[in-house]
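To start, the structure itself, in structure tokens.
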Amino acid sequence: MTIVLDTPDVDGLSVAVNALRGWQRDRAMQLHPGDIGWFWRFGAETTAGAVRTWSRDGRVLAVGLLDGSTLLRITIAADVQQDEELVRRLVEDVTEPERGVLPAGKVNIEAPMGVLLHSLLAEQGWQTDEPWTPLSRDLAEPVKAPDLRIEIAGQEQAELWAEVLRASFEGSTFAAEKWHAMSAGTPYADARSLIGYDEQDAAVGVVTVWSAGPGLPGLIEPMGVHNDHRGRGHGRAITVAAAAALQEMGSSSALVATPTSNVGAVATYASAGFGKLAEVHDYYREN
Numbered sequence: 000m001t002i003v004l005d006t007p008d009v010d011g012l013s014v015a016v017n018a019l020r021g022w023q024r025d026r027a028m029q030l031h032p033g034d035i036g037w038f039w040r041f042g043a044e045t046t047a048g049a050v051r052t053w054s055r056d057g058r059v060l061a062v063g064l065l066d067g068s069t070l071l072r073i074t075i076a077a078d079v080q081q082d083e084e085l086v087r088r089l090v091e092d093v094t095e096p097e098r099g100v101l102p103a104g105k106v107n108i109e110a111p112m113g114v115l116l117h118s119l120l121a122e123q124g125w126q127t128d129e130p131w132t133p134l135s136r137d138l139a140e141p142v143k144a145p146d147l148r149i150e151i152a153g154q155e156q157a158e159l160w161a162e163v164l165r166a167s168f169e170g171s172t173f174a175a176e177k178w179h180a181m182s183a184g185t186p187y188a189d190a191r192s193l194i195g196y197d198e199q200d201a202a203v204g205v206v207t208v209w210s211a212g213p214g215l216p217g218l219i220e221p222m223g224v225h226n227d228h229r230g231r232g233h234g235r236a237i238t239v240a241a242a243a244a245l246q247e248m249g250s251s252s253a254l255v256a257t258p259t260s261n262v263g264a265v266a267t268y269a270s271a272g273f274g275k276l277a278e279v280h281d282y283y284r285e286n
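Numbering (numbering that gives the first Met the number 0), first residue to last: 0 to 286.
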């Protein structure tokens with residue numbers, strides 16, 4: 000049967016999300032249901048417009064998320080990662096702008112390590128970009144409670160959660176409306192947003208965690224510490240709280256990734272019990 004490229008409608012997003020759930024593996028950094036959940040902050044219709052699926056015989060084989068205007072994050076089902084027909088079709092679709100997957104100009108592709116897609120992209124002249132460091136924490140053992148008071152954020156705390164996130168990233172315009180949009184998304188049924196408070200009851204850090212289901216790795220995205228409260232171990236504490244929340248939700252491990260150049264973030268996750276995995280690289284090409 001022919002491989003079919005599709006952009007789902009809002010109702011069809013659940014098919015892509017459910018496919019991603021079944022593909023998650025411990026210590027394998029790849030597109031996660033939580034990535035689509037975090038993108039949902041832009042609204043359901045925008046999220047649907049950013050998702051691509053590749054199917055054969057009615058089965059979804061690959062899912063991509065156009066994260067921004069020039070980055071395609073793509074994951075392929077484990078049993079077809081070396082399927083040459085599928086992967087060559089993917090390369091054609093992402094290389095030719097008229098296919099509507101990626102625009103002309105400099106574009107990046109993120110895909111799990113070890114898949115045929117990497118070698119075929121290299122054959123087509125794609126080059127590796129700056130490295131990222133994925134990190135993972137096994138949740139088989141109990142997670143010790145952090146030295147912060149932790150609150151689960153609901154609708155009433157959306158403004159505060161958004162305020163702390165804005166103060167965590169220079170130039171961020173994140174607002175409560177985006178939190179409400181995110182929390183209305185299908186993936187948020189398996190997510191929690193947390194707020195960490197210091198001894199003076201100041202909100203110092205926030206995080207959202209995304210479960211892929213019991214026995215599967217969960218994702219941390221995003222995590223931020225208020226710029227007025229840095230250097231006091233709050234990043235470590237809120238990250239430990241995130242791991243504990245995922246453990247309560249039945250996740251087998253907690254995953255997170257950050258640019259390797261962000262040495263502070265790598266150190267924070269390591270201090271929270273996360274071990275480094277092999278560095279990963281996007282591929283880029285001028286189309």
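Using N, Cα and C, we set each Cβ at its ideal position, and we do this for glycine too.
(message) Tell me which residue opens and which closes the alpha helix (DSSP H) that H280 is part of.
(response) Where H280 is concerned, there is no enclosing alpha helix (DSSP H), although the beta strand (DSSP E) it sits in stretches over V279 to E285.
(request) Return the residue from the list E122, S252, K105 and V114 that minimises the CA-CA distance to L218. (result) S252
(request) Note down the Cα distance separating Q23 from E97, rounded to an integer number of angstroms. (result) 31 Å
(request) Report the residue from L254, P216 and L164 whose alpha carbon sits nearest the alpha carbon of V206. (result) L164
(request) Rank A236, P32 and G274 by C-alpha distance to the C-alpha of E198 and give the top, closest one. (result) A236
(message) On the CB-based measure, 16 or more other CB atoms within 10 Å of its CB, does D8 come out buried or exposed?
(response) exposed
(request) Just tell me which of A242, Y282, A277 and E285 has its CA closest to the CA of S270. (result) A242
(request) With a floor of 4 residues, list each alpha helix (DSSP H) that falls wholly inside the region 8-95, ordered by position along the chain. (result) 12-22, 32-38, 43-49 and 83-94
(message) What does the alpha-carbon distance come out to for the pair S13 and S118?
(response) 31 Å
(message) Taking 9 Å as the threshold (C-beta atoms), are T185 and W39 in contact?
(response) yes
(request) Flag this pair as yes or no: are the beta carbons of D34 and R72 separated by less than 9 Å? (result) yes
(request) Determine the burial state of F173: buried for a count of at least 16 other Cβ atoms within 10 Å of its Cβ, exposed for fewer. (result) buried
(message) Taking contact to mean 3 or more Cβ pairs, one atom from each stretch, closer than 8 Å, check whether the region 212-229 and the region 86-104 are in contact.
(response) no
(message) Just to confirm the assignment: which complete beta strand (DSSP E) runs, minimum length 3, are found wholly within the region 214-240?
(response) 217-224
(message) Taking 8 Å as the cut-off, does the region 249-267 touch the region 117-137 (at least 3 CB pairs, one atom from each stretch)?
(response) yes
(request) Assuming G212 contacts R20 (C-beta within less than 8 Å), just tell me the rounded distance between them. (result) 5 Å
(request) Helix, strand or coil for G263, going by three-state DSSP, please let me know. (result) helix
(request) Report the rounded CA-to-CA distance for E162 versus L70, giving the unit in angstroms. (result) 27 Å
(message) Let me make sure I understand the geometry here. Which of A18, S192 and M181 has the alpha-carbon closest to that of A76?
(response) A18
(message) Here's the rule: buried if 16 or more other CB atoms are within 10 angstroms of the residue's CB, otherwise exposed. What is S68?
(response) exposed
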